[in-house]
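Contents: one structure, followed by commentary.
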Amino acid sequence: NTSVLSITLNPALDLTGQLEQLKIGKVNSITEANLHPAGKGVNVAKVLAELGAKVTVSGFLGLENASAFEHLFESQGINDEFIRVAGTTRTNVKIVEANGEVSDLNFPGFSVDAADIASFEQKLLELCQHHSYVVFAGSLAKGVSPEQLADWIRLAKAQGCTVLVDTSGAALAAAIKAQPSMIKPNQDELEELFQQQFSSVEAIKQACEDLAKQDIQHIVLSRGEQGSLWLHQQQWLQAQPPKMKVVSTVGAGDTFVASFCWGLLQQFNATEQLNFATAMSALAVAQANVGLPAAEELERVLQQTTITQH
Ligand code: ATP
Ligand code: MG
Ligand code: MG
């Protein structure tokens, strides 16, 4: 049983607009726009489904604008087990400048109540019995506490699932206490967690080694164009992707998490797995949308990525 359950507690409709350069306090004319269902766990599900994994999605979805999500799941063969809640799923506006820089305007959406939470928990328990990997990705919906997330991670682990978590702030801090198999903070998220700035790779590694003491199997620190650092079984691997022509960095982290999960599923060795996740995520920044690269492109970037042991 190698199916993946990807949980998005706070999905979003992404309205992405491209322009030359964002001018704050001025009229900005968008040259190209696109509206699509997203949220970190939805993006992870999409990449995994395209890679060929059997994927189920759950979490909360606003009743009033669920159809775009339903179309996506149907077209990708993704099993939709989202709990419908009253209200609308939020919209996130992403302004992508010509240099690839992204500014986010995240609007509020639905809130979940105690009954929604109880329905989700029941659903999670059921789904965990039929899935071997569970990914929790993104922020918490209004009404979901960090402690609640930690409990759900414990629930999934108690069902024998391997749990991967990509979140930030108080949710990440709480999630760590539940000891998931994998976390993937970026440097900002790590600094927020430790309430401290890290000015060297050595300082970053020390912080991750402290986290590893809490019994988290895979700690990945992603560093944008500088690749990533992965601590596993007291071994450090460092990945450096080639220089990419950046179109949009939206979804790079999600593609990394999905591809890392695929590597676990396929039982890649550690070097292969990091090489694959790095090449896939590097290619994700070279395209506007979340999706699979052409096979020859992937092959080229896999070759150009370097993995070193530290
Ligand atoms: P997100 O905003 O999607 O959550 P993140 O900040 O969590 O992203 P990043 O560290 O920015 O994650 O990116 C994840 C991975 O994507 C990196 O480790 C790297 O492999 C790849 N990546 C990101 N940006 C670039 C880039 N400019 N060039 C090449 N690869 C990149
Ligand atoms: Mg980033
Ligand atoms: Mg991220």
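Going letter by letter, the sequence shown gives residues 82 to 391 in my numbering.
Glycine is no exception: its CB is placed at the ideal position from the N, C-alpha and C atoms.
Does DSSP put residue i in a helix, a strand or coil?
i, result
"A119", "strand"
"D185", "strand"
"K223", "strand"
"E378", "helix"
"S200", "helix"
"D194", "coil"
"I234", "helix"
"F154", "helix"
"L142", "strand"
"L312", "strand"
"K127", "helix"
"V136", "strand"
"S87", "strand"
"T169", "coil"
"A149", "helix"
"L373", "coil"
Would the C-beta of residue i count as close to ligand 1, meaning under 7 Å from any of its heavy atoms?
i, result
"G305", "yes"
"V177", "no"
"A363", "yes"
"M325", "yes"
"G158", "no"
"G308", "yes"
"A320", "yes"
"F337", "yes"
"T57", "Coverage of the chain is limited to positions 82 through 391, which leaves residue 57 absent and any answer about it impossible."
"T359", "yes"
Just to confirm, is the Cβ distance from residue i to residue j under 8 Å?
i, j, result
"C289", "V85", "no"
"E202", "G168", "no"
"L125", "A218", "For the record, residue 125 in the displayed sequence is Val; it is not Leu. Cβ atoms of V125 and A218: closer than 8 Å."
"I257", "V244", "no"
"A363", "P323", "yes"
"V366", "V338", "no"
"S87", "V246", "no"
"V138", "G158", "no"
"S452", "M361", "No information on residue 452 is available, as it lies outside the stretch 82 to 391 that the chain covers here."
"Q295", "Q268", "no"
"A130", "L94", "no"
"S192", "G224", "yes"
Quick check: is any heavy atom of ligand 2 less than 7 Å from the C-beta of residue i?
i, result
"G334", "yes"
"N173", "no"
"N267", "yes"
"T330", "yes"
Please identify the residue among the options whose C-alpha is closest to the C-alpha of residue i.
i, options, result
"L103", "L96, I176, L153, F337", "I176"
"R304", "T330, L236, L132", "T330"
"Q384", "V366, A358, A369, N370", "A358"
"T352", "A365, L345, L292, L318", "L318"
"R171", "N91, G224, V301, L292", "N91"
"R165", "Q157, S148, N356, D185", "S148"
"E113", "F150, G120, L96, A119", "L96"
"G355", "G308, I111, G372", "It is worth fixing the name first, because residue 355 is Leu in this sequence and not Gly. Selected option, being the one with the closest Cα: G308."
"S226", "G250, Y214, L292", "G250"
"T336", "Q315, E178, A179, K265", "K265"
"L236", "Q277, T248, L205", "L205"
"G98", "K135, D185, F163", "D185"
"A255", "L292, T389, H299", "L292"
"G332", "Q240, Q368, G106", "Q368"
"G388", "G344, L379, W311, Q315", "In the sequence under discussion, the amino acid at residue 388 is Ile, which differs from the Gly named in the question. It is W311."
"L253", "S281, E228, S200", "E228"
Using 7 Å as the cut-off, classify the Cβ of residue i as near or not near the heavy atoms of ligand 3, replying yes or no.
i, result
"D291", "no"
"D95", "no"
"D247", "yes"
* Asked: In chain order, which beta strand (DSSP E) runs of at least 3 residues are fully inside the stretch 244-307?
  -> Segments of the beta strand (DSSP E) lying fully in the stretch 244-307: 299-303.
* **3-residue-minimum beta strand (DSSP E) runs that sit fully inside the stretch 316-346, ordered along the chain** => If we require 3 residues or more, the beta strand (DSSP E) runs fully inside the stretch 316-346 come out as 316-321.
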